[in-house]
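K.L.:
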Amino acid sequence: MDRLKASASGRLRLRRESTTSPWVSLFWRVMLAFGLIGIAVAVHWFDRAGLKDGHDGVISFSDVLYFTMITVATVGYGDIVPVTDQARMFDTFVVTPIRLFVWLIFVGTAYDFLLKGAFEKWRMRMIQKNLHGHTIVTGFGTSGGEAVAELIRRGTDPAAILVIERDAVQLEAAAAMGVNVIDADATRNVTLEAAKVDTAGAIIVSAGRDDTSILIVLTARRLAPDLPISVVIRNADNEPLARQAGADTVINPASFAGLLLAGSTHGPHISDYIADLAATNGLVALRERPVMAEEVGKPLASIATGLGVRVYRGGKPIGFWEVAVARLMAGDMIVEIVPQLAADGGERS
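Each residue of the sequence shown is one higher than the one before, starting from 11 at the first, in the numbering used here.
1. Could you name the residues of the same chain whose beta carbon sits closer than 6 Å to that of V173, not counting the 5 residues immediately before and after it, in chain order?
2. What would DSSP say about R219, mapped onto helix, strand or coil?
3. Going by Cα to Cα distance, which pick from E346, V104, H65 is closest to G48?
4. Applying the 10 Å Cβ sphere with the 16-neighbour rule, what's the burial state of H54?
5. For E298, which beta-bridge partners are listed by DSSP?
6. I'd like to check one pair, V260 with L233: are the Cβ atoms closer than 8 Å?
7. Go to L181, then tell me how far its alpha helix (DSSP H) extends in each direction, as first and last residue.
8. Can you tell me the Cα-Cα spacing of E332 and P278, whole angstroms?
9. Do T94 and G45 come within 8 Å of each other at the CB atom, strictly closer than that value?
10. Beta-carbon within less than 6 Å of S223's beta-carbon, same chain only, minus the 5 sequence neighbours each way: which residues are those?
11. In whole angstroms, what is the alpha-carbon distance linking Q96 and I80?
12. Can you find the residues in the same chain that come closer than 7 Å, C-beta to C-beta, to A295, ignoring five residues on each side of it along the sequence?
13. Tell me the rounded alpha-carbon separation between I171 and V158.
14. Between which residues of its own chain and H65 is the CB-CB distance below 7 Å, once the five residues before and five after are set aside?
15. List the endpoints of the continuous alpha helix (DSSP H) containing T148.
16. What does DSSP give as the partner residue(s) for R163 in the beta ladder?
17. Expressed to the nearest angstrom, what Euclidean distance is found between the alpha-carbon atoms of S203 and Q180?
18. For E249, I'd like the list of residues in its chain whose CB is within less than 7 Å of its CB, leaving aside the five on either flank, ordered along the chain.
19. I think D258 touches I239, with their Cβ atoms under 8 Å apart; what is that distance to the nearest whole Å?
20. Could you pull out every residue in the same chain whose Cβ sits closer than 7 Å to the Cβ of K15, ignoring the five residues on either side in sequence?
21. Just reading off the beta strand (DSSP E) that E175 is part of, what are its end residues?
22. Between S197 and A285, what straight-line distance do the alpha-carbon atoms span, to the nearest angstrom?
23. Do L36 and T106 have their CB atoms nearer than 8 Å?
24. Give the straight-line distance between the Cα atoms of V335 and L251, rounded to the nearest whole angstrom.
25. Should D247 go down as buried or exposed, given a rule of 16 or more other Cβ atoms within 10 Å for buried?
26. Roughly how many angstroms separate the alpha carbons of P92 and D57, rounded to a whole number?
27. Note down the Cα distance separating K308 from G211, rounded to an integer number of angstroms.
28. Taking 8 Å as the cut-off, decide whether the C-beta atoms of A43 and F100 are in contact.
29. Look at the Cβ atom of G316, then the Cβ atom of E346, and state whether they are nearer than 8 Å.
30. Less than 8 Å separating the beta-carbons of D193 and R219?
31. If you draw a straight line from the alpha carbon of A205 to that of Q138, how long is it in whole angstroms?
32. Residues in its own chain within less than 8 Å of R293 by CB, not counting five upstream and five downstream?
33. Alpha carbons only, please: which of V85, L114, R323 is nearest the one belonging to T102?
34. So, with DSSP's three-state summary, where would you put D63?
35. Residues in its own chain within less than 6 Å of G341 by CB, not counting five upstream and five downstream?
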């Protein structure tokens with residue numbers, strides 16, 4: 011999130027949610043429109059000698075009011091016309107802009123109060139209806155924000171990411187990245203159901219509090235038994251609870267940082283390589299894929315796509331040194347180290 015804030019440092023703006031109700035806003039718009047019309051009526055009345063009534067030749071206040079309203083609403087009917095240069099210039103340079111401005115006020119009001127809400131509701135229904143295979147991120151704090159940014163850097167379409175957050179500032183930052191956002195409590199069934207958790211491809215849980223994160227994992231697992239769930243847990247004591255709740259991957263930022271620090275004491279290149287694996291712009295990357303048909307029956311060491319380091323068979327991990335990987339089987343999942351460009355779908359020269 012710090013990176014997101016830094017990128018926007020050149021355009022920081024003071025922001026506060028408006029407390030004005032829509033009806034008060036509508037009232038002030040109507041008052042502004044009538045105020046502008048009132049100015050036109052007043053000037054026409056004081057300069058009524060510049061108007062000519064083709065009906066009876068007398069310009070009364072009702073004639074001035076009628077002429078002003080007709081002129082502001084349309085261009086007039088020709089029964090009352092300006093005849094002096096002063097009256098014509100006033101209609102040209104004052105009444106015409108007032109007419110345009112009044113129309114903009116009413117068209118804008120109609121859009122805001124009638125069309126915009128209906129269009130946004132329809133658009134959100136269409137987006138929600140078409141959500142499938144998307145990634146849900148609950149919490150857009152430091153970890154969640156970085157996860158979204160990393161997903162986008164790795165080629166994920168922002169439209170295939172949905173962020174659930176309650177903080178308005180964080181939601182605005184997420185929306186600015188082009189992702190879908192929901193202002194709701196991710197621990198509730200109705201929220202995850204609205205996020206189409208049952209059709210999602212994965213969910214990243216980073217609520218900022220271990221108890222909240224574990225509750226989200228429980229809720230998500232109950233609604234989507236087969237959904238891959240990754241969760242950020244800050245207290246090592248809560249890692250087993252997160253796994254019991256149904257998380258497939260439990261990440262402890264402090265433990266990972268400790269791993270890098272400890273590795274650096276046993277050789278500066280160990281932590282460098284671990285960081286290289288984790289970074290988007292590193293030379294190498296970890297990739298997980300199913301075993302290919304032509305690889306079945308062959309040893310893990312023979313795969314040509316990368317350096318195989320682990321096989322998952324029936325959900326159980328098998329190291330590259332174990333006898334079981336001497337013969338790959340259908341249904342195996344391979345974790346391999348590949349050049350970064352290969353992980354991105356490119357080719358290394």
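For each residue, glycine too, the CB sits at the ideal point set by N, CA and C.
P.N.:
Based on what the coordinates show:
1. Answer for V173: V147, F150, A184, V189, V191, listed in chain order.
2. If DSSP states are grouped into helix, strand and coil, R219 belongs with coil.
3. In terms of CA proximity to G48, V104 leads the group E346, V104, H65.
4. The residue is buried, with at least 16 neighbouring Cβ atoms inside 10 Å.
5. As computed with DSSP, E298 is found in a beta bridge with V345.
6. No, the Cβ-Cβ distance between L233 and V260 is not below 8 Å.
7. Counting along the chain, the alpha helix (DSSP H) containing L181 begins and ends at 178-186.
8. It is roughly 28 Å from the alpha-carbon of E332 to the alpha-carbon of P278.
9. Cβ distance not < 8 Å, so G45 and T94 don't count as in contact.
10. Counting only Cβ-Cβ distances below 6 Å, and skipping sequence neighbours, we find V215, A217, V241.
11. Those two C-alpha atoms are separated by around 19 Å.
12. Within the same chain, L287, V348, Q350, A353 come within 7 Å of A295 by CB-CB distance, once the 5 residues on both sides are set aside.
13. Cα to Cα, the separation comes out at about 8 Å.
14. So the list reads D89, once near-sequence residues are dropped.
15. Residue range 145-148 is occupied by the beta strand (DSSP E) that includes T148, with no alpha helix (DSSP H) assigned at that position.
16. Partner residues in a beta bridge of R163, as assigned by DSSP, do not exist.
17. A small correction: the amino acid at residue 203 is Glu; Ser does not occupy that position in the sequence shown. For E203 and Q180, the distance between alpha carbons rounds to 22 Å.
18. Hits under 7 Å: I243, V260, N262.
19. Correct: roughly 5 Å between the Cβ atoms.
20. For K15, the predicted model reports a pLDDT of 37, less than 50, meaning its position is unreliable and no value from the coordinates is stated.
21. Unbroken beta strand (DSSP E) run through E175: 171-175.
22. The residue you asked about is not Ser; residue 197 is Thr in the sequence shown. Put simply, the backbone Cα of T197 is about 33 Å away from that of A285.
23. Contact flag unset, no.
24. Near 31 Å, if we compare the C-alpha coordinates of L251 and V335.
25. By the beta-carbon neighbour count (other beta carbons within 10 angstroms, threshold 16), D247 is exposed.
26. When rounded, the separation of the alpha-carbon atoms in P92 and D57 is 10 Å.
27. Cα to Cα, K308 sits roughly 30 Å from G211.
28. Here A43 is not near F100, since their CB atoms are 8 Å or more apart.
29. A distance below 8 Å separates the beta carbons of G316 and E346.
30. 8 Å or more divides the Cβ of D193 from the Cβ of R219.
31. Their backbone Cα atoms lie some 7 Å apart in a straight line.
32. The amino acid at residue 293 is misidentified as Arg; the sequence shows Leu. If we look at L293 and ignore the five residues flanking it on each side, its Cβ neighbours are D286, P349, Q350.
33. When C-alpha distances from T102 are compared across V85, L114, R323, the shortest belongs to V85.
34. Strand.
35. Listed in chain order, the non-local C-beta contacts of G341 below 6 Å within the same chain number zero, local neighbours out to five positions each way being set aside.
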